[in-house]
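Asks:
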Amino acid sequence: MSRPQSLLPLSREPSTRLLPWIIGVMVYLAVLIFAAALLLANIAANWDREMSAGFTVQIPPAAGDAPEALEARVAAVVKTLKEAAGVGEVAVVSPEVTALALEPWLGPNIEAHDLPLPRVVEVHFADRATVDMAALIAKLEEAAPGTVVDNHEFWRNQIVSLVGGLETLATVAIALIGFTAMAAVIFTTRSSVAIQRDVIEVLHLIGATDDYVAHEFQRQAFWISLSGSASGTVLAVATLYLLGQLAGNLDTALMPDLSLGAWQSVLLWAVPLLACLIATMTARRTVLAALRRMP
Amino acid sequence: MSRPQSLLPLSREPSTRLLPWIIGVMVYLAVLIFAAALLLANIAANWDREMSAGFTVQIPPAAGDAPEALEARVAAVVKTLKEAAGVGEVAVVSPEVTALALEPWLGPNIEAHDLPLPRVVEVHFADRATVDMAALIAKLEEAAPGTVVDNHEFWRNQIVSLVGGLETLATVAIALIGFTAMAAVIFTTRSSVAIQRDVIEVLHLIGATDDYVAHEFQRQAFWISLSGSASGTVLAVATLYLLGQLAGNLDTALMPDLSLGAWQSVLLWAVPLLACLIATMTARRTVLAALRRMP
Amino acid sequence: MVRFENVGMRYGAGPEVLSDVTFALKPGSFHFVTGPSGAGKSSLLKLMYLAHRPSRGFVTLFDRDVTRVPRGDLPELRRRIGVVFQDFRLVQHLSAFDNVALPMRVAGSREEVIRKHVTELLTWVGLKDHLHARPPTLSGGQQQRVAIARAVIAHPKLLLADEPTGNVDDTIAVRLLYLFEELNRMGTTVVIATHNRSIISRFSHPIMRLREGGLVEIKQSAAE
Amino acid sequence: MVRFENVGMRYGAGPEVLSDVTFALKPGSFHFVTGPSGAGKSSLLKLMYLAHRPSRGFVTLFDRDVTRVPRGDLPELRRRIGVVFQDFRLVQHLSAFDNVALPMRVAGSREEVIRKHVTELLTWVGLKDHLHARPPTLSGGQQQRVAIARAVIAHPKLLLADEPTGNVDDTIAVRLLYLFEELNRMGTTVVIATHNRSIISRFSHPIMRLREGGLVEIKQSAAE
Ligand SMILES: Nc1ncnc2c1ncn2[C@@H]1O[C@H](COP(=O)(O)OP(=O)(O)OP(=O)(O)O)[C@@H](O)[C@H]1O
Ligand SMILES: Nc1ncnc2c1ncn2[C@@H]1O[C@H](COP(=O)(O)OP(=O)(O)OP(=O)(O)O)[C@@H](O)[C@H]1O
Ligand SMILES: [Mg+2]
Ligand SMILES: [Mg+2]
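Following this line, the structure appears as structure tokens:
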């Protein structure tokens, strides 16, 4: 005959119809920013790995040097490097490869051996920590005067500080969003409690326990925030996909790899669940606090 | 004795206490994104200007060429360039400067004249539109075989497409935010109207005109949205300033100039005013629509 | 003043709660409306205070056919009608004073005039000490008196009161009825829906009796 | 059952609206509470249904000092009390049926039992055709009867009714009083605050008379 109607129709209340939207937008932004932060961290880690994987040594030819003299100096550099602690693979780049790298500058039709090109040695670290760069640079200068060591330190610092700044910003933004979303839940639940104060009071006077009343709100807050955060997440993932497509159209050399690891994806999905949980618990606590103020 | 109390205390309503926050966050995000879009446009315009200002021609030395032969080919290239339509200034880069540019590759102690370096000619457009690049390249090849023209076209395209993508994204984001903010105003006003339906109905039955009632809501929506969007804007400007400081700490060579023109700043301040206007008008229309549904 | 011709009324798609109601009230008349709970007394008053339109028939108020009055003219008509709602309908966040002042404010009266009239009237109904109390802090009977004060403050041409004495004792009820009679003597047409038999029998005014949506009789007075 | 000793009560920091009220009601008794509007009848009932605490004195209900009952025990006490509020306090978005079912649902009764009892009771108070109507679509008297049905549905040990007949005619009022007497005969202690003199004089039950916050007399019955 008569199915029991919802006692506290939180979702039919016009003010709470707003809540899924707010939560949706908040979760959307939080997921996007969180994804951006994760990607940034990935990119930074990548660059850092590449750059701190080793360094480059250039041995320029002295004016009027015989090719043999240059070879001897290269050998001295290689020997010094191999003896240094923490240094792993040491590879001498052939003059042809160096010439190729210089093509944009020198034009295509140069013969490598015609030019007094500097010789390049690429060095990989075996154990970054044990390498004493300053001592090594001094030793190399001794072994082959004029040797130039390029350990990317300057660029690394630039990028680390840039990425660090952006990550701080992302953290602040996520905190701000979380705070706003929580404030929204608190305000909306309070408002709901205020609007439905009459009903709550009647339930209270009829002998309903606080838990009975809180449960009604809590249950509905859960479903509302679930719907909001689910749609926010779906939209965010769609946006990320579109951005990925957009980035894919660009030259891949320009853009670093824009994809998240499996573990990071899981972390990303935790955002809406967390939002849901916070909303539900906030609703519960707000209602209980309001009830406790009743006689 | 008794000052008339606010008839429809929109701002005391718990659900509408949320509205300034929502509007604040929305305006904050909108201003930030709008600023980012403007900056991007500035950067893109800058790059575009620099890159489309002209191009570079390289004349590599042929194997075993006498220096005079190279000079003759440079002269031929310069002559061809000066005769071409739309070409402005033509400057031959001295071998010393070229050597300097190559220093990172060749090491510091090279004598420019020792090396068979390519000669570089920098060309500025007088009138970009009238230049027929393809024809010009063909003519240059004829005048001095082996000439390489680097008109940055590839890079320009990359950057234009990247910036274009980001700008589309910013536009979509601003539209989304505007939409959400408007939805928030509509929902909140509707909710307010619903909550205060009793009061509105009494006013209506007592003989208040629709305009009288709408005016009450509208006035309060104006002040609420003004407070919300003002604080959002102030926060956004503070954030922009902080970001500017952060960027200033980086090497300036890495970052393009991050500042807005006066006109653009004015445009930025239009965002909160627009938000305010939209909120007020939305409130008015919502109330009038609700009233029209009453007998 | 008020004329009903074959009036029928329904809420939404529901059944008719009033049917074939025909009567005419002369300006300056005073009528009681009575009948069992659910007979349609409040619905009849709703038609008169323009909160509802008839589903058939004609309702004429102040010599105008209310079904044909353009929307823009309704506020002006409504300002000539004072209503005591059965459920009071006070504005909960406004003081008793501001509630009673509403009709004058809506009509654009000056604040000094409002202050004087409202204070006087609230004192008369025994709420001198509760001018600044909000309705939730008033007793049931006190709220009812605020509602009555709001209905009569602007000297309406037509006064409609729906069960105006349900929450007050007979002493106050008689006093309020005297207020209505005073207004009536000054030209206001009065219609009071009530269950209170002792009030009806004490004041000899014509009685309209409703039963199940129909007007079953109009007696010239309870004494008859 | 109910015992008041030198009870004083005030709202917030306001003046005392009840002072030095002392009386005791035996289980199974039936009392009318009367007095002018604003005398404190509703406030007295509020103390009894635990919506308010006394500012001084002792209130004992079911042999427990209510000022010392821990918060967690209050729901259980309240379930033994049925209340008809002066302003009904129906849940506006629930049907008449669901409103009346509330106390049983809160107490965890089975749906079949609820369905049977609620339908029966609503039929008895004359609302058979309005089981699924929401309060805003009911007439004043119909709403009042829903409020009464909700108060008695769970067979409370203590029934408190505040002006329960203000919106119904005398025929229905008498019928409702019979319902209260029926419950009283089955052991419920009944307290009814009312202005309705004809009802008070028709049923010979003890009368508590309040004036300006004080209990001025307890008459054994109107007939005395
Ligand atoms: N808003 C509404 N929607 C639907 N039906 C309604 C509405 N208001 C009243 N009714 C129904 O119309 C009928 C007449 O109601 P009305 O309020 O006019 O009665 P009444 O004579 O004033 O009764 P009472 O003395 O109890 O106040 C009742 O059956 C009621 O259920
Ligand atoms: N919530 C409240 N806050 C402050 N004062 C209140 C509140 N409720 C009632 N009062 C005041 O307490 C006094 C007693 O009110 P109460 O409602 O008990 O009277 P009552 O006897 O029930 O009157 P009535 O017959 O009009 O219902 C009144 O002066 C009233 O203004
Ligand atoms: Mg009625
Ligand atoms: Mg009372």
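Residue numbers (our numbering), protein chains in the order written: chain A, 768 to 1062; chain B, 768 to 1062; chain C, 56 to 279; chain D, 56 to 279. Don't be surprised by glycine CBs; every beta carbon is placed ideally from N, CA and C.
Among A:A804, A:A942 and A:A851, which has the Cα closest to the Cα of L933 (chain A)?
Replies: The shortest Cα separation from L933 (chain A) among A:A804, A:A942 and A:A851 belongs to A:A804.
Asks: Which residues, taken in chain order from the stretch 96 to 114 of chain D, show a beta carbon closer than 8 Å to some beta carbon of chain A?
Replies: Residues Y104, L105, A106, H107 and R108.
Asks: Would the C-beta of G195 (chain C) count as close to ligand 4, meaning under 8 Å from any of its heavy atoms?
Replies: Yes, ligand 4 has a heavy atom inside 8 Å of this Cβ.
Asks: Is there at least one non-hydrogen atom of ligand 2 closer than 8 Å to the beta-carbon of H971 (chain A)?
Replies: H971 (chain A) Cβ: outside cutoff for every heavy atom of ligand 2.
Asks: Can you say whether H891 (chain A) is buried or exposed, counting buried as having 16 or more other CB atoms within 10 angstroms of its CB?
Replies: With fewer than 16 other Cβ atoms within 10 Å, it is exposed.
Asks: Give me the residue from C:Q275, C:L270, C:G127 and C:S276 with the minimum Cα distance to M64 (chain C).
Replies: If we check each option's Cα against that of M64 (chain C), C:L270 comes out closest.
Asks: For a test of the three-state rule: what should DSSP assign to R218 (chain C), helix, strand or coil?
Replies: In the sequence under discussion, the amino acid at residue 218 (chain C) is Glu, which differs from the Arg named in the question. Coil.
Asks: Closer than 8 Å: is that where the CB of E328 (chain D) sits relative to any heavy atom of ligand 4?
Replies: Look at the range of chain D in this structure, 56 to 279, and you will see that residue 328 (chain D) is not part of it.
Asks: With 16 other CB atoms within 10 Å as the buried threshold, where does N61 (chain D) fall?
Replies: It is exposed - the Cβ of N61 (chain D) has fewer than 16 other Cβ atoms within 10 Å.
Asks: Along chain A, in chain order, which residues have C-beta atoms closer than 7 Å to that of R134 (chain D)?
Replies: Within chain A, the residues near R134 (chain D) are G974.
Asks: Contact defined as beta carbons within less than 8 Å: I believe V860 (chain B) pairs with V887 (chain B). What is the distance between those atoms, to the nearest angstrom?
Replies: That belief holds up - the Cβ atoms of V860 (chain B) and V887 (chain B) are roughly 4 Å apart, short of 8 Å.
Asks: Using the Cα positions of A1005 (chain B) and S998 (chain B), report the straight-line distance between them to the nearest angstrom.
Replies: Roughly 11 Å between the two C-alpha positions.
Asks: Enumerate in chain order the residues of its own chain whose CB-to-CB distance from S84 (chain C) is below 6 Å, with the five nearest sequence positions on each side excluded.
Replies: Once the five neighbours on either side are set aside, the close Cβ partners of S84 (chain C) are T244.
Asks: Put G269 (chain D) into one of helix, strand or coil per three-state DSSP.
Replies: Note: G269 (chain D) maps to strand in three-state DSSP.
Asks: Comparing the C-beta of A79 (chain C) with each C-beta of chain B, is any distance below 9 Å?
Replies: Not an interface residue.
Asks: For I208 (chain C), name the three-state secondary structure that DSSP assigns.
Replies: Three-state result, I208 (chain C): coil.
Asks: So with CB distances below 7 Å, who are the chain A contacts of R144 (chain D)?
Replies: Ordered by position in chain A, the residues that pass the 7 Å Cβ test against R144 (chain D) are D965 and V969.
Asks: Check the Cβ of Q197 (chain C) against every Cβ in chain D and list those closer than 8 Å, keeping chain order.
Replies: Correct list: S92 and G93.
Asks: Shorter than 9 Å from the beta carbon of R770 (chain B) to some beta carbon of chain A?
Replies: Residue confidence is low: R770 (chain B) scores 39 on pLDDT, short of 50, so the model does not pin down where it sits. Its coordinate-derived value is still stated next. Answer no: the Cβ-Cβ gap between R770 (chain B) and chain A never drops below 9 Å.
Asks: Provide the residue span of the alpha helix (DSSP H) that contains H971 (chain A), from first to last.
Replies: That run of the alpha helix (DSSP H) goes R964 to I973.
Asks: From G163 (chain D) to L231 (chain D), what does the alpha carbon distance come to, in whole angstroms?
Replies: The straight-line gap from Cα to Cα measures roughly 27 Å.
Asks: How would you write the range of the beta strand (DSSP E) that Q825 (chain A) sits in, first residue to last?
Replies: Run containing Q825 (chain A): G821 to I826, per the beta strand (DSSP E) assignment.
Asks: Taking the beta strand (DSSP E) that T226 (chain D) belongs to, which residues open and close that run?
Replies: Per DSSP, T226 (chain D) belongs to no beta strand (DSSP E); it is in the alpha helix (DSSP H), D225 to R240.
Asks: Relative to chain B, which residues along the stretch 158 to 187 of chain C have a C-beta separation below 9 Å, given in chain order?
Replies: Correct list: P158, R160, V161, A162, E166, I169, R170, V173, T174, L186 and H187.
Asks: Report yes or no: is there a C-beta of chain B within less than 9 Å of the C-beta of F954 (chain A)?
Replies: It does; some Cβ of chain B falls within 9 Å.
Asks: Hey, could you find the ends of the alpha helix (DSSP H) R1 (chain D) is sitting in?
Replies: No statement about residue 1 (chain D) is possible, as the shown extent of chain D runs from 56 to 279 and does not include it.
Asks: Quick check on this structure: which residue in C:H107, C:S74 and C:I136 has the alpha carbon closest to the alpha carbon of G67 (chain C)?
Replies: With distances taken between Cα atoms, G67 (chain C) lies closest to C:H107.
Asks: Looking only at its chain, what residues have a beta carbon closer than 6 Å to the beta carbon of V173 (chain C), apart from the 5 residues adjacent to it on each side?
Replies: The residues are F152, V155 and A156.
Asks: Can you look up V1001 (chain A) in the DSSP assignment and give me helix, strand or coil?
Replies: Note: V1001 (chain A) maps to helix in three-state DSSP.
Asks: Let me know the secondary structure DSSP gives S194 (chain D) once reduced to three states.
Replies: In this structure, S194 (chain D) counts as coil in the three-state DSSP scheme.
Asks: Does the beta carbon of Y979 (chain A) fall short of 8 Å from some heavy atom of ligand 2?
Replies: It does not: the Cβ of Y979 (chain A) is nowhere closer than 8 Å to a heavy atom of ligand 2.
Asks: Count the other C-beta atoms from every protein chain shown that fall within 10 angstroms of the C-beta of N251 (chain C), then say buried if there are 16 or more, exposed otherwise.
Replies: Looking at its Cβ environment, which holds 16 or more other Cβ atoms inside 10 Å, N251 (chain C) is buried.
Asks: List the residues of chain E that Q147 (chain D) touches, going by C-beta distances under 7 Å, in chain order.
Replies: In the structure shown, chain E does not exist; the protein chains are A, B, C and D.
Asks: Quick check: is the beta carbon of E279 (chain C) nearer than 9 Å to any beta carbon in chain B?
Replies: Model confidence at E279 (chain C) stands at a pLDDT of 49, short of 50, so the residue's coordinates are unreliable; what they give is reported in the following sentence. Not closer than 9 Å to any Cβ of chain B, the Cβ of E279 (chain C) fails to qualify, so no.
Asks: By the three-class DSSP mapping on this structure, what secondary structure does D917 (chain B) have?
Replies: Looking at D917 (chain B) - three-state DSSP - the assignment turns out to be strand.
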